[in-house]
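Chains as they are written, first to last, in our numbering: chain A, 872 to 1282; chain B, 4 to 333. Below is one structure, written out as structure tokens; comments come after it.
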């Protein structure tokens, strides 16, 4: 067990740090969170800057145009970006973390040539069409139908929780090509061009008041068969490649952001006098221990990835623990904000000091609520930990009528 | 950076685990329940022979020159097997107290809270009938007291039947053997190694619960297939995992300069490990249902031992309060 950086890792960090110090001041001020066209422009510009500096696709293999960085360098990359306050690039995350890695693993040479460079250069934005109004945790019950007609699939159905759909160029889409009820065995992975006729994007407003995602309505949308990634009805396996990426180092920046937030919450407690309260000190200290424990877990997972090429089983444990810790951090923030937490914007302090950081802390509280749901609810994560890590028996199938739907864990 | 165990670290943990399977099977451990002395001297010497107490000493002092990181692996195994006795105290005293490293001297320990303690709770000593010497750790340093000189009353029914305890109004003045620097290091390393014992307990609790939830059937199916039970077990695994990496990180942070603050890492390890051991002990009782509440089942021993360790060196509440008060500004 070694937490000391090697010379190569240190050099990577130093070079990256000095590039960030030069590059970040050239960015314009970030746009409003609700202005997606402006966010797209901002995020893709950042992606292009990463590309020009050789940092685009830092975790992608070199033969796919990425940097081919080691897992530890990927960790360093995310640490340094968060440390420097670099943009997260929300508009790029589906392409760089989901669709891109899937195409690298499963796409044909032609598909990789067509899509990967555009992701890396920030020329195309991707969104995800997996969940449906009736297929959330039970993703394998999805019903968006794709019927083969000549060289096209004709797609009809609804997708939901699709982030930044309104500014996306391509959508990684899961469709039902098998019989109804064929579950995992009848799903196909398609690239849906978002300018195809028959797509209606209806933005959804979150409880935070933001428009992060949308519902997609697909009405006889024609998608060329050439856009299929993997074989027909093999989309579930193709998808699993994607989900594996999401549980690797995807949360590193997020975790460090939480560490920084915890520092701000402690600062607030110091200003309000709440830090004199033993209970508050304990809660803060407990969160500090948990976040640093999660950091150690990340290092373990990354080290396993460096040795075996696969992230260790810590990913599911991480997702579960992190999202719940983050939720507790949000609760403590609101508790410490007191009546200032009835606002959602920063408010002038009564003592004339710096404004109280209401906006960020309330935003974080909302984010905490979403983290235990997005990318697998905590309840689903607990099933995975119980069944895959502890070997507990699955729930027996429940017959619920003629469509063959069963508990989400059965495969 | 490679935070995975090296091959020799895996071998070390495996070696001690093998010794414990033959030296400390559960029946042997349980045969000592309620006894005033629970340290079997022959077995203790065999533990010493595997390097449990000496492994961090220099080679010319009979040690293996390993670090705190390696010691956490060994102590996790000791905790897993519920080995009774003042393991951490004797390990810390190795090199300072003659015979501790070799296992011929069993060392007890009283940790006086920073600032001197006081309050209404008397001094509670563990293993007084087992130890050859009692080390007293306070802000000034470490001093040694002869057990016979302690005016103490044995508790009729200690909480953990494998951790006999005594109470005393005060301790006699001891012979100083080390100063404040050693005392501070004992506090930190002691917290980390106790946390490692807790991780071992948390692991055993998780294994027992998962095993029982797989075998026990109600309503015609294994109770572990019910999400209510499965999720209890999943939370045990989460707590165990976080505590384990935090304890190992605390070991590495103490061994390798420049990777972090070793005092912070130690406090964090104790917070998470106490949570894991006590939380998993409680959950293990719950998963076992009525059986878990019986004396016959070994489940209660895990929870009771976890409560003993939770009160050694620093409590999770104290450690968390310190971590909260010392959070650096963003």
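C-beta atoms are modelled at their ideal positions from N, C-alpha and C, and glycine is treated no differently. Predicted model only: the values in this text are computed from it and were never measured.
- Listed by position along chain B, the residues whose Cβ is nearer than 7 Å to that of residue 1185/A are 244.
- Not a single C-beta of chain A is nearer than 9 Å to the C-beta of residue 79/B.
- Here residue 926/A carries a coil assignment [DSSP, helix/strand/coil].
- For residue 287/B, no chain A residue has a C-beta closer than 7 Å to its own C-beta; the minimum C-beta separation is roughly 13 Å.
- Straight through space, the alpha carbons of residue 1097/A and residue 1165/A are spaced by roughly 42 Å.
- Only residues of its own chain outside the window of five on either side were considered, and among them 1037, 1082, 1085 have a CB closer than 7 Å to the CB of residue 1074/A, listed in chain order.
- Between the stretch 130–149 of chain B and the stretch 96–116 of chain B there are three or more C-beta pairs closer than 8 Å, enough to call the two in contact.
- At a cut-off of 9 Å between beta-carbon atoms, residue 1267/A makes contact with chain B.
- By the criterion of at least three beta-carbon pairs nearer than 8 Å, the stretch 906–926 of chain A is not in contact with the stretch 974–982 of chain A.
- Under the three-state reduction of DSSP, residue 27/B is assigned to coil, being neither helix nor strand.
- Runs of alpha helix (DSSP H) with 4 or more residues, each lying fully within the stretch 965–1005 of chain A, are found at 971–977, 980–991, listed in chain order.
- Contacts with chain B at 9 Å (Cβ-Cβ) include residue 1159/A.
- Residue range 1070–1075 is occupied by the beta strand (DSSP E) that includes residue 1071/A.
- Residues 1095, 1096, 1097 of the same chain have their beta carbon placed closer than 8 Å to that of residue 1022/A, with the five preceding and five following residues left out of the count.
- Closest option to residue 22/B, judged by alpha-carbon separation, among 43/B, 52/B, 97/B: 52/B.
- DSSP places residue 1039/A outside both helix and strand once states are collapsed to three, so it counts as coil.
- Here the alpha carbon of residue 904/A sits roughly 7 Å from the alpha carbon of residue 910/A.
- From the beta-carbon of residue 5/B, the residues of chain A found nearer than 7 Å are 873, 1174, 1177.
- Contact annotation: the stretch 311–319 of chain B does not touch the stretch 228–241 of chain B, with fewer than three C-beta pairs closer than 8 Å.
- At least one beta carbon of chain A lies nearer than 9 Å to the beta carbon of residue 233/B.
- Residue 188/B and residue 325/B have their alpha carbons spaced roughly 17 Å apart.
- With its beta carbon at least 9 Å from every one in chain A, residue 298/B lies outside the interface.
- Contact fails between the stretch 1230–1244 of chain A and the stretch 1159–1174 of chain A, because fewer than three Cβ pairs, one in each stretch, are under 8 Å apart.
- Contact between the stretch 246–264 of chain B and the stretch 216–230 of chain B is absent: fewer than 3 CB-CB pairs across the two stretches fall below 8 Å.
- Inter-residue distance for residue 1077/A and residue 1234/A is about 12 Å (C-alpha atoms, whole angstroms).
- The residue from 55/B, 158/B, 48/B, 333/B with its alpha-carbon nearest to that of residue 200/B is 55/B.
- When the Cα atoms are used, residue 193/B and residue 153/B turn out to be separated by approximately 23 Å.
- Our two residues, residue 1063/A and residue 1041/A, have alpha carbons roughly 6 Å apart in a direct line.
- Proximity to residue 291/B across 4/B, 208/B, 126/B peaks at 208/B, based on C-alpha coordinates.
- Flagged as an interface residue toward chain B: residue 1131/A, by a C-beta distance shorter than 9 Å.
- If you draw a straight line from the Cα of residue 1171/A to the Cα of residue 1260/A, it comes to about 16 Å.
- Chain order gives the chain B residues near residue 1152/A as 324, 327, 328, where near means a beta carbon separation below 7 Å.
- For residue 1086/A, the enclosing beta strand (DSSP E) has its first and last residue at 1084–1095.
- Assigned with DSSP and collapsed to three states, residue 941/A falls in coil, not helix or strand.
- When CB distances to chain B are screened at a threshold of 7 Å, not a single residue of the stretch 953–971 of chain A falls below it.
- Between residue 1099/A and residue 986/A, the C-beta gap is not smaller than 9 Å, which leaves the two residues out of contact.
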